[in-house]
């Protein structure tokens, strides 16, 4: 900010004015309408009128923070719930291994409450220590993240304030949730009598209703064994399925956002020009480029969202719009873009009422066609019709699109935009985004690896006797590994496929939320190469857990099959 005298030393500049209305909303609208009318009576043309709610300098930060809050509230809770299931599963296996000791303690006089308090120490100590460490790590990472964010807005970072309530929630939420999970698991394990606990359940396996109903007689032994292995523990199979689906969603989250942004930023698909010039007054006569005009409006219906209407040359080659079948448009009618049509549920022939931001007058526009374009909520109409509707001078225009740089005196220009500069800004933003998305993908990999490893460990723990018997019967290492470790391969593949629609549903909801507060409309898209890469990463997780589990299978002794009979 500099003084008026110093500003006057610059060769040229664009002058903007701020207007503030006092009173109620209706009084403000009425006063602003009189103000615009007074300007028009003095032959002062308003080239651009921006309400504070439509000013990206005001709304962009709030919109991005809202998006961060949305993602930051869903993903951690999903991970926390998955962690609770993991902790409950590990605790349940611990109780099964120590069932004999629990039964003995139960029989000699220890109460359920005493045993419950003992086994609850595991989830309490685990959740408390991990949540404190995680909170400290989050506090340490906060400043670098804020520096990265504020760099986009040229804002200084004076200091940071930690809300005590958020820090307490960060520690208490895992503690409460994991303790509740542990309590439920322990009380369920203590439902059995002391005799049942001492005997254990290793020698008995219940056949569920699903296994009884499905006919597997026509299948080969290997396939039958793998299918039954999944049917005999439905909760375990569901846990693996949902865990892989969540990991897939997080893993492809970054890839999908990158693909969607790349598709949205392909300027060649809609914009064929390289330079855009907007004048500070109406121009007439022969244009050195492709002439156009534009004006800002507000929808009379709904929430009064703003949109831009363009008046363009019917034979323009500067933009390219097409219908849903890929047929290019000729711009001799009124065309609405797809995001606007979706918001208002427009069909060809429908009319919409608009309020001009520069004159507060009401206009009715009939839409002739819908363009399959997601570059924003815009309306395009012939330039002559546009000028006639707004009572602008005949054959006048406010801007020029051009493929080449034009030497236009700076004092005539309101703004100048280069598509190349927009692309550079996007590339800079994309590089910063890739760091965040890479971190999300790494977390997803660790989640998937943990889930698959825990489930694989459960499978081996439950099949110790079977593995030992296979060794006694002469099965070699490869055959045992193939039967035991490959039994979950189909569930991993199905979990990956389940994660794809979950990803599209969650991202579509997030994009709709962003579009409600900004003009940023983006369609969820993902490149097939990214899908293939995600599938490869998921199976790398699966293969890694199999390699880790082979050693455990190798250590299972032949005498394990005789233990249930001896006991």
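Numbering (my numbering), first residue to last: 221 to 787. For each residue, glycine too, the CB sits at the ideal point set by N, CA and C.
- Within the region 442-488, the complete alpha helix (DSSP H) segments at least 4 residues long are 454-484, listed from N- to C-terminus.
- Remark: three or more beta-carbon pairs, one from each stretch, lie closer than 8 Å, so the region 584-591 and the region 561-569 are flagged as touching.
- In terms of CA proximity to residue 595, 481 leads the group 616, 481 and 511.
- Check the Cα spacing between residue 498 and each of 240, 546, 727 and 515: the tightest is with 515.
- Across the set 696, 265, 357 and 402, the C-alpha of 402 shows the shortest separation from the C-alpha of residue 346.
- Sixteen is the threshold: since fewer than 16 other Cβ atoms of the shown chains lie within 10 Å of the Cβ of residue 365, the residue is exposed.
- Only residues of its own chain outside the window of five on either side were considered, and among them 583 have a CB closer than 7 Å to the CB of residue 609, listed in chain order.
- For residue 369, no beta strand (DSSP E) segment is defined; the enclosing uninterrupted segment is the alpha helix (DSSP H) at 332-371.
- Across the set 377, 601 and 398, the C-alpha of 398 shows the shortest separation from the C-alpha of residue 351.
- The three-state reading of DSSP puts residue 540 in coil, since its state is none of H, G, I, E or B.
- Listed in chain order, the beta strand (DSSP E) elements of length 3 or more contained wholly in the region 683-758 amount to none.
- Residue nearest to residue 759 within the set 355, 719, 713 and 678 is 713 (criterion: CA-CA distance).
- By alpha-carbon distance to residue 744, the top candidate from 616, 727 and 753 is 727.
- By the neighbour-count definition (other C-beta atoms within 10 Å, threshold 16), residue 601 is a buried residue.
- Setting aside the 5 residues that flank it on each side, residue 673 is surrounded in the same chain by 765, each with a C-beta closer than 6 Å to its C-beta; the list follows chain order.
- For residue 380, the closest alpha carbon among the candidates 390, 362 and 369 is that of 362.
- Under the three-pair Cβ rule at 8 Å, the region 610-628 counts as touching the region 498-514.
- Less than 7 Å separates the beta-carbon of residue 332 from that of residue 410.
- Here residue 465 is buried: its Cβ has 16 or more other Cβ atoms, across all protein chains shown, within 10 Å.
- When C-alpha distances from residue 768 are compared across 632, 680, 302 and 549, the shortest belongs to 680.
- DSSP lists no beta-bridge partner residue for residue 301.
- Between the alpha carbons of residue 633 and residue 530 lies a distance of about 18 Å.
- The shortest CA-to-CA distance from residue 553 to any of 532, 281 and 560 is the one to 532.
- About 5 Å separates the CB atoms of residue 598 and residue 557; that is less than 8 Å, so the two are in contact.
- Straight through space, the alpha carbons of residue 327 and residue 477 are spaced by roughly 58 Å.
- Fully enclosed beta strand (DSSP E) runs of no fewer than 3 residues occupy 571-576, 582-586, 589-591, 598-602 and 616-622 of the region 571-636, in order along the chain.
- Within the same chain, 272 come within 8 Å of residue 278 by CB-CB distance, once the 5 residues on both sides are set aside.
- By the 16-neighbour rule on beta-carbons within 10 angstroms, residue 559 is buried.
- DSSP lists no bridge partner for residue 271.
- Secondary structure at residue 325: helix, using DSSP grouped into helix, strand and coil.
- Distance from the CA atom of residue 578 to the CA atom of residue 606, rounded to whole angstroms, is 14 Å.
- Taken through DSSP and simplified to helix, strand or coil, residue 288 comes out as helix.
- CA-CA distance, residue 336 to residue 658, rounds to 41 Å.
- In the three-state scheme derived from DSSP, where H, G and I count as helix and E and B as strand, residue 519 is classed as strand.
- In the displayed model, residue 514 falls within a strand according to three-state DSSP.
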